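Only one structure is covered here, and it is reproduced in the block below.
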Amino acid sequence: MKFRLFVLKAKPIGSLFLISVIFFCSSDLFAAEPKFDLTNHGIELQIAVRAPAQVAAFYEARGFPQQALQRLRETCLITFRIHNQRKDVVWLELENWHFRDAKGYAVRRLDRKYWNALWETLDMPLSNRATFGWTLLPENRDLQPGESVGGNIAVVAPPRPFTLKALFHTGARKEGDDSLIRAEAIICPGHAVPNPGEARP
Amino acid sequence: MRVIALVFVLGILAPALTLADLPEGLMPLDGRFAPPLRLVDMDGEVTDLRDLGGEWVMVHFWASWCGPCRKELPSIQRMAEQLVPDTLRLVMVNTAETEDEVFAFLSIVAPDLTSLMDRDGQVTETWQPRGLPSSFLVDPQGRLRYIALGGRPWDSDAYLQFLRRLTAPDEKATD
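One line per chain: the protein sequences are A and B, in this order. Under numbering that gives the first Met the number 0, the first residue of the first sequence carries the number 0, and numbering increases by one thereafter. Under numbering that gives the first Met the number 0, the first residue of the second sequence carries the number 0, and numbering increases by one thereafter.
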């Protein structure tokens, strides 16, 4: 317990959008995570990419079946927290988020439909499906002033660094200026194959 | 006559608590009826939201893996010490975890609170909170009146005063 609290204090950014206590139980794994903290026009976007072992440990502790854990290990789970620091509404709409590799090819995001279909195939218990669902970032959310939202996005792990362009509409009727946040050189730990001499962030 | 009737209706519906009275992070809802909620707690005791009609109820959804829940639950416990059950009813709903997980967590974080068990997560799914944690305030007629955006300091003066005003017998906290 003391160890967990120590880690939380030592990592204030991570603690704000703590998806899992277990994620923080291994300081070695957490220290290795690529992290980003980006702000544009009052929209704060925090990103932490999870290692396959972290992902599996969290869901294994929640009683997920081995088949499901294996599928989760094979994907790249990225934890996001978005904080609306503006005085108007910010629209989180994942259809306006685009992951691309260095050559411009789309990095496939695995959405709720994908997971629901997979869990159906694996006949996963409803409790596990519910837990997984609540750990995903919502597809859509009208973020009120001061509101935060956190959760995971799963992508098919690319072997090379990739980029996220996240577009946000603003205003109650989306009448405000759009805001674009760009995160460069995201790497999926445990999946990436670094080029010789290539520096990691 | 129609004008008098309209004025009368507007007077009845006029909110006694305005947006300006709301503590930060609380959002009004449209007053639709709350979805069904009938669950057992860790001791097998059944709670049905319908049986709590006539009282204001705070329905709180949480899970032990959720960091903001860990931060918020102690403040809910402190609020409950002051307001529950005389002023407000508290219905805590754990989403899709086991008794062992809930017991181990609550006994450390908020030992005086008890929780209903939404074992398969389907009740939570029906309520569609804006994430975990999430708190709804349900009025004595069973209508959804407010939702808290994420974890909130329920034991702060602003929230305690708001809840006391909201639940005061002569308060018309309707939209």
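Each residue gets a CB set at the ideal place from its N, CA and C atoms; glycine is no exception. Since we're looking at a predicted model, the values are computed, not measured.
Do residue i and residue j have their C-beta atoms within less than 8 Å of each other?
i	j	result
A:Glu-92	A:Asn-139	yes
B:Ile-146	B:Phe-135	yes
A:Leu-44	A:Ile-77	no
B:Pro-168	B:Gly-52	no
B:Leu-72	B:Ala-103	no
B:Val-184	B:Thr-46	This structure cannot settle anything about residue 184 of chain B, because the visible part of chain B is limited to 0 through 174.
A:Asn-127	A:Ala-55	no
B:Thr-123	A:Ala-184	no
B:Met-78	B:Leu-159	yes
A:Gly-149	A:Phe-79	yes
B:Gln-76	B:Asp-42	no
Would you report the Cα separation of residue i and residue j, rounded to the nearest angstrom?
i	j	result
B:Gly-150	A:Asn-83	15 Å
B:Arg-69	A:Leu-163	30 Å
A:Lys-34	B:Glu-54	46 Å
B:Glu-80	A:Leu-121	45 Å
A:Asp-177	A:Ala-165	10 Å
B:Arg-31	B:Leu-143	6 Å
A:Val-48	B:Pro-132	23 Å
A:Pro-188	A:Arg-70	16 Å
B:Ser-155	B:Leu-148	16 Å
B:Pro-27	A:Gly-41	24 Å
Determine the closest residue to residue i out of the options, with distance taken between C-alpha atoms.
i	options	result
B:Asp-119	A:Pro-33, A:Gly-62 and A:Val-48	A:Gly-62
A:Ala-171	A:Val-88, A:Glu-73 and A:Phe-79	A:Val-88
A:Asn-151	B:Cys-65, B:Pro-35 and B:Ala-95	B:Cys-65
B:Arg-206	B:Met-26, B:Arg-88, B:Ser-155 and B:Met-78	The question about residue 206 of chain B has no answer, for chain B in this structure spans 0 to 174.
B:Asp-29	B:Val-137, B:Thr-123, B:Pro-35 and B:Ile-107	B:Val-137
B:Phe-60	B:Glu-96, B:Ala-19, B:Leu-165 and B:Thr-166	B:Glu-96
A:Leu-37	A:Ile-186, A:His-190, A:Leu-179 and A:Ser-126	A:Leu-179
A:Gly-132	A:Ala-116, A:Trp-90 and A:Lys-86	A:Ala-116
A:Arg-181	A:His-97, A:Pro-188 and A:Lys-173	A:His-97
A:Ala-105	A:Pro-188, A:Ala-156 and A:Pro-51	A:Ala-156
A:Ala-141	A:Ala-60, A:Leu-71 and A:Trp-90	Contrary to the premise, residue 141 of chain A reads as Asp rather than Ala in this sequence. For the residues A:Ala-60, A:Leu-71 and A:Trp-90, the minimum Cα distance to A:Asp-141 belongs to A:Trp-90.
B:Val-58	B:Trp-126, B:Pro-152 and B:Arg-163	B:Trp-126
Just checking: is the beta-carbon of residue i within a distance shorter than 8 Å of some beta-carbon in chain A?
i	result
B:Ala-95	yes
B:Thr-123	yes
B:Ala-62	yes
B:Gly-53	no
B:Gly-43	no
B:Met-26	yes
B:Leu-131	yes
B:Gln-118	A small correction: the amino acid at residue 118 of chain B is Arg; Gln does not occupy that position in the sequence shown. Yes, because at least one Cβ of chain A sits closer than 8 Å to the Cβ of B:Arg-118.
B:Ile-23	Contrary to the premise, residue 23 of chain B reads as Glu rather than Ile in this sequence. Cβ-Cβ to chain A under 8 Å: yes for B:Glu-23.
B:Leu-148	yes
Let me see if you follow: with CB-CB separation under 8 Å, is residue i close to chain B or not?
i	result
A:Ala-47	no
A:Glu-138	no
A:Thr-130	yes
A:Arg-61	yes
A:Ser-25	Interpretation of A:Ser-25 is limited by its pLDDT of 34, a score under 50 that renders its predicted location unreliable; no figure is taken from the coordinates.
A:Trp-90	no
A:Gln-204	Because residue 204 of chain A is not part of the residues shown, which for chain A are 0 to 200, the question remains open.
A:Gly-145	yes
A:Ala-31	Unreliable placement is indicated for A:Ala-31, whose pLDDT of 49 sits below 50; the coordinate value is still reported in the next sentence. Not an interface residue.
A:Phe-5	At A:Phe-5, the pLDDT of 29 sits below 50, so the modelled position is not reliable; the number obtained from the coordinates is stated separately. Chain B, which has no Cβ nearer than 8 Å to the Cβ of A:Phe-5, makes this no.
Taking only beta-carbon atoms, is residue i less than 8 Å away from chain C?
i	result
B:Glu-98	Annotation note: the requested chain C is absent from the structure, which comprises protein chains A and B.
Exercise. What beta strand (DSSP E) runs, 3 residues minimum, are completely inside the segment 148 to 172 of chain A?
Worked result: Positions of the beta strand (DSSP E) runs, each at least 3 residues long and wholly inside the segment 148 to 172 of chain A, are given as 161 to 169 in order along the chain.
Problem set entry | Continuous alpha helix (DSSP H) assignments of at least 4 residues falling wholly in the segment 103 to 139 of chain A | Within the segment 103 to 139 of chain A, the complete alpha helix (DSSP H) segments of 4 residues or longer fall at 111 to 121 and 125 to 134, listed in chain order.
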